[in-house]
Structure formats: C-alpha cells, structure tokens
Amino acid sequence: RAHCQTSGWSLTAQDPFTNVSRTCIEALAAVHGHTQSLHTNSLDEALALPSEDAVTVALRTQQIIAHESGVTNTVDPLGGSFFVEALTDEMERQARTYFRQIDEHGGVLPALEEGFFQREITEAAVRYQREVESRRRIIVGVNDYVSDGTQRSVPILEMDVEGYRRQVARLAEVRRTRDSRAVTQRLGELGRAARRENTNLMAPLLAAVNEYATLQEMMDVLREAWGVYEEPAIL
C-alpha cells in the first residue's frame, strides 16, 4: 500500500492562507500518483500545531478533490502523458545516482555514519534558501506578491493546560494502582529481547503495555539496550 503526506517543508509562515493552495496542489499530485492513503497538512503548521479549523480545511481539501474535481472518474487520468513519463524517467535517473553514491560509501549505515545524508540535505537546504533570497525561486507571499501588512492573522492553537494536568493525574493514578512487580518483570523481558539479534519485539512490548508500563519506561529500556544515536558533525 502507498501513503502520501503533503509537504510541511513547502508551508510558509508568511501569508499562511496561501498554504491552502499549496496543499491542494500537492494532494492532487498524490492522487494522480495513485496514492491509497493521504494526509493533507494544515495551513498553520509552519507556525504551530494545527488548530481545529485548520485541520477541517485540510480535510475539506481532500473531500473537494474526491467529489468535485472529477479526478476519481478514471483510474489513471495522466496515463500515457509524455511529460509525466519524462519526469518519471528523470526521477528514476536521479534516484539511481544516489543509490550508486550510497553503494560507494559501503551501504546505508556507513553513509549515515560518515554524514553523507545529512550533508546532502544541508547543501540542498542552503541552495534552496539562496534561490529564495536571490528571487530565482519565487515563493508567493514570501519574496514576491507580498501583502501590504494588512493580511489576516491566523488563530494560533493554545494548549489546554488543564487537560495536561488531568493527564498527569491519570498517569499518577495508573502508576499507583498497577502491579509494579509485573511491570518490572515485563520491562526486563523487553530489555533482554532487545539485546538479542533478530528478535521481534512486538510480543514483549504488548506484554509490557498490558501491565500498564508507560511509553517512557519502555523507551528507557530500549535506549539502555541500544544506546542513543548521535548525529555526526557535518563540516
């Protein structure tokens, strides 16, 4: 199965209502690409966690594409398009180039340890930012077609402090009433399983959950077994 999510990277904090159009274009592209599951980002995600209204607009974007665009009336609207096939070929060519570079590093793990992926991402981000700042790449509302200062403000989601306090109290009650000895036993089994190679951890994880071990407690056990990844410095 194939899942797609629209780009959070393309969302802008400036003139954020333009993000509705960006997300719609990206969602339509995913549908044309035969995605079977789709998540549309919300217009305010460059600023904060999405508000309920922004999430609703993102959902309506999918529903409009599904029911008003006509794109679902045929299996493959762009089938046979020379331009789409050319883009597909170019994407494949560039992907194979990266595969060769990864192989030259000795595989994914050595490439990761040598900072290859981080360096590529950083260099791409720098190139992109230079293109925006020099206006070789136009971003509407950011470096062109900028509003005159009267743009509408986006309501920012405010976290429910009382909800947080209620959850903390619930967690404290769970810890007070659960079988601590059973929790310790299940966490120990999880740690031992994590230290064995090629061991499926789903069973010990579920066993720990059934005894009301918390996510933090399980992650602490896995960190102790596997250590913590430290990203290499990129020069």
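First residue of the sequence shown: 217, per our numbering; consecutive thereafter. By construction, the Cβ of each residue, glycine as well, lies at the ideal position given by its N, Cα and C atoms.
Residue burial is scored here from C-beta neighbours: N257 has at least 16 other C-beta atoms within 10 angstroms and is therefore classed as buried.
Between the alpha carbons of E447 and L328 lies a distance of about 9 Å. One alpha carbon belongs to R412, the other to D395, and they sit about 26 Å apart.
For the options G224, G295, E268, the alpha carbon positioned closest to that of A262 is the one of G224. Every unbroken stretch of the beta strand (DSSP E) spanning 3 or more residues and falling wholly within the region 224-262 is given here in chain order: 253-255. Under a 10 Å Cβ-count criterion, P371 is classified as exposed, with fewer than 16 other Cβ atoms of the shown protein chains found around its own Cβ.
V390 counts as exposed, since fewer than 16 other beta carbons sit within 10 angstroms of its beta carbon.
Take E320, set aside five residues on each side of it, and no residue of its chain has a beta-carbon closer than 7 Å to its own.
Counting C-beta atoms within 10 angstroms of its own C-beta, T234 has 16 or more neighbours from the protein chains shown and is therefore classed as buried.
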